[in-house]
Amino acid sequence: MNYTNTFFFSFFVSLLLTPICRNIAVKLKILDHPISLIKTHKTPTPYLGGLAIAISFYLSLFLVRITTHFTTGTLYSLRGIIFGGIIILIIGLIDDLKYKGIHFTTKFFGEIISALILIHYGIKINFISPEWFALLITLLWVIGITNAFNLVDVMDGLSAGIAIIASFGLFLVTKYIEEEIYVSYAVLALAGACLGFLPYNLSNKYKIFMGDTGALFLGFVLSALTLGGKYSSNNQLGVLSPIIILLIPIYETFLISILRLSRGQSPFIGSKDHFSLRLLSIGISKYKILLITYFVAICLAIIGIFVVLSPTNFVPIISVIIISMFIAIITKYLMKIEVK
0 MNYTNTFFFS FFVSLLLTPI CRNIAVKLKI LDHPISLIKT HKTPTPYLGG LAIAISFYLS
60 LFLVRITTHF TTGTLYSLRG IIFGGIIILI IGLIDDLKYK GIHFTTKFFG EIISALILIH
120 YGIKINFISP EWFALLITLL WVIGITNAFN LVDVMDGLSA GIAIIASFGL FLVTKYIEEE
180 IYVSYAVLAL AGACLGFLPY NLSNKYKIFM GDTGALFLGF VLSALTLGGK YSSNNQLGVL
240 SPIIILLIPI YETFLISILR LSRGQSPFIG SKDHFSLRLL SIGISKYKIL LITYFVAICL
300 AIIGIFVVLS PTNFVPIISV IIISMFIAII TKYLMKIEVK
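Per numbering that gives the first Met the number 0: the sequence shown = residues 0 to 339.
(1) Can you tell which of A214, M154 and S280 has the C-alpha that lies nearest to the C-alpha of A162?
(2) Since D95 and D211 are thought to touch, with beta carbons under 8 Å apart, how far apart are those beta carbons, to the nearest angstrom?
(3) Below 8 Å on the Cβ atoms is my contact criterion, and I expect N312 with L236 to pass it. Report the Cβ-Cβ distance as a whole number of Å.
(4) Please name the residue, chosen from N203, R277, I176 and S261, that lies closest to I336 on a Cα-to-Cα basis.
(5) According to DSSP, simplified to helix, strand and coil, what is T44?
(6) State the DSSP-derived secondary structure class of L30, mapped to helix, strand or coil.
(7) Looking only at its own chain, which residues have a Cβ that is under 7 Å from the Cβ of F7, when we skip the five neighbours before and after it?
(8) Where does T252 fall in DSSP's three states?
(9) Are there 16 or more other CB atoms within 10 angstroms of the CB of P310, so buried, or fewer, so exposed?
(10) Taking I244 and L169 to be in contact with their CB atoms under 8 Å, please state how far apart those CB atoms are, rounded to whole angstroms.
(11) With three or more beta-carbon pairs closer than 8 Å as the criterion, would you say the region 173-186 touches the region 200-210?
(12) Cα separation between S222 and W140?
(13) Check whether the Cβ atoms of I328 and I164 lie closer than 8 Å to each other.
(14) Taking all protein chains shown into account, decide if L77 is buried (16 or more other Cβ within 10 angstroms of its Cβ) or exposed.
(15) Give the straight-line distance between the Cα atoms of G121 and N22, rounded to the nearest whole angstrom.
(16) Starting from I321, follow the alpha helix (DSSP H) in both directions and report where the run begins and ends.
(17) Should I142 be labelled buried (16 or more other beta-carbon atoms within 10 Å of its own) or exposed?
(18) Short check: CB of C20 to CB of L50, under 8 Å?
(19) Near I288, what residues of its chain come up, given a Cβ to Cβ distance below 7 Å and the 5 sequence neighbours on each side ignored?
(20) Are the CB atoms of A185 and L217 within a distance shorter than 8 Å?
(21) Just mark M372 as buried or exposed, buried being the case when its beta carbon has 16 or more other beta carbons within 10 Å.
(22) Excluding five sequence neighbours on each side, which residues of the same chain lie with their C-beta closer than 8 Å to the C-beta of E251?
(23) By alpha-carbon positions, which one of I116, P18, L60 and I124 ends up nearest to N1?
(24) Anyone know if the C-beta pair for L58 and V25 falls short of 8 Å?
(25) Look at the alpha carbon of R262 and the alpha carbon of I54, and state the distance between them as a whole number of angstroms.
(26) Taking E130 as part of the alpha helix (DSSP H), name the residues at either end of that continuous run.
(27) Could you work out which residue in I116, T330 and V338 is closest to G269 when comparing CA atoms only?
(28) Consult DSSP for F69 and reduce its assignment to one of helix, strand or coil.
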């Protein structure tokens, strides 16, 4: 099965599974009630969209495995993503099913186990020494990105849209450098699954949320797949590419954590410090916020590709300077917006 078929198979499976999961959630009353300050919906909305995304992703990879011939060991590392992802799914599903969710320490424990599974299957940072430090950074990266996608998921279409754009960006990056076959197939399977979910997430009549099940799963899979690329083929700073491609959820995480800590609050307690909620509070519509976010995500993905392709460190350095200036301007603007 080729790349195109992988994407479209995942897309159509997700398109069919999402309404089924929605009906199950409605019947079992697995609903997200708008009782929190950061909720942007007005009526109870069914969860389980994340389950449809994950099942579509796994079915696509299974079909790839049984219909495509690979040399021995090509898909070995993919086992780490599959097994680790199942643990993340269970954690997210329990969190969605429990009225008040599960404690963040329980989430972290499960995420650490999942990250260790990735490391066991060889998915880790390889350009840092000593090895113990590389493993520590790997753990922080996986846990950080996993939770970053959960943090950014406060508005319809945000997490799924960012994941789609990031997936295509990573696909192009892996095609231009030393390709890891499993990464190329997996990112397209993930993009297709998210795209099949997105119309329902944005629908008023058939709305469904991905919940922690989906947001944590997206973050985990993308964090793992970024570790599968070889970014330094052309220049040493090519390793910045995945950071740039995933910069929106990374920025969201730092913004929220710093603001909450500055007020003496726990970074794990919900608040309206999210960039999307700040923009919403000054009258910018949800769809305009989505379009702005998608545009920025596409720009970052393109920059991430050029950073890898550059034969010297010049493009990465200039990119970091420009992005840093942009972040400073955006942050200054967001800080002027008062949130209640």
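All C-beta atoms, glycine included, are put in the ideal place defined by N, C-alpha and C.
Per the coordinate set shown:
(1) Looking at the Cα atoms, A214 is the closest of the given residues.
(2) Contact flag correct, Cβ pair sits at about 5 Å.
(3) That belief holds up - the Cβ atoms of N312 and L236 are roughly 5 Å apart, short of 8 Å.
(4) Each of N203, R277, I176 and S261 was checked against the Cα of I336, and the nearest Cα belongs to R277.
(5) DSSP places T44 in strand when its eight states are reduced to three.
(6) Here DSSP, grouped into helix, strand and coil, assigns L30 to strand.
(7) G191, listed in sequence order.
(8) It is helical.
(9) By the 10 Å Cβ count, P310 comes out exposed.
(10) The pair is a contact, with the Cβ atoms about 6 Å apart (cut-off 8 Å).
(11) Because the criterion of three Cβ pairs below 8 Å is not met, the region 173-186 and the region 200-210 do not touch.
(12) So the alpha carbons of these two residues sit roughly 7 Å apart.
(13) In this structure, I164 does not lie closer than 8 Å to I328 by Cβ.
(14) By the neighbour-count rule (16 or more Cβ atoms within 10 Å), L77 is buried.
(15) Looking at the two C-alpha atoms, the distance is approximately 39 Å.
(16) Annotation for I321: the continuous alpha helix (DSSP H) segment containing it runs F313 to M334.
(17) When all chains shown are included, I142 counts as buried.
(18) Yes, the Cβ-Cβ distance between C20 and L50 is below 8 Å.
(19) Here the set comprises M154, S275, L278 and L279.
(20) No.
(21) The structure shown does not extend to residue 372, since the chain is modelled only from 0 through 339, so no value can be given for it.
(22) The answer, listed in chain order, is A147, L150, V151, H273 and F274.
(23) Out of I116, P18, L60 and I124, L60 has the C-alpha closest to the C-alpha of N1.
(24) No, the pair does not count as a contact, with Cβ atoms beyond the cut-off.
(25) Approximately 40 Å between the Cα atoms of the pair.
(26) Unbroken alpha helix (DSSP H) run through E130: E130 to V151.
(27) Among I116, T330 and V338, the Cα nearest to that of G269 is on V338.
(28) Here F69 sits in coil by DSSP.
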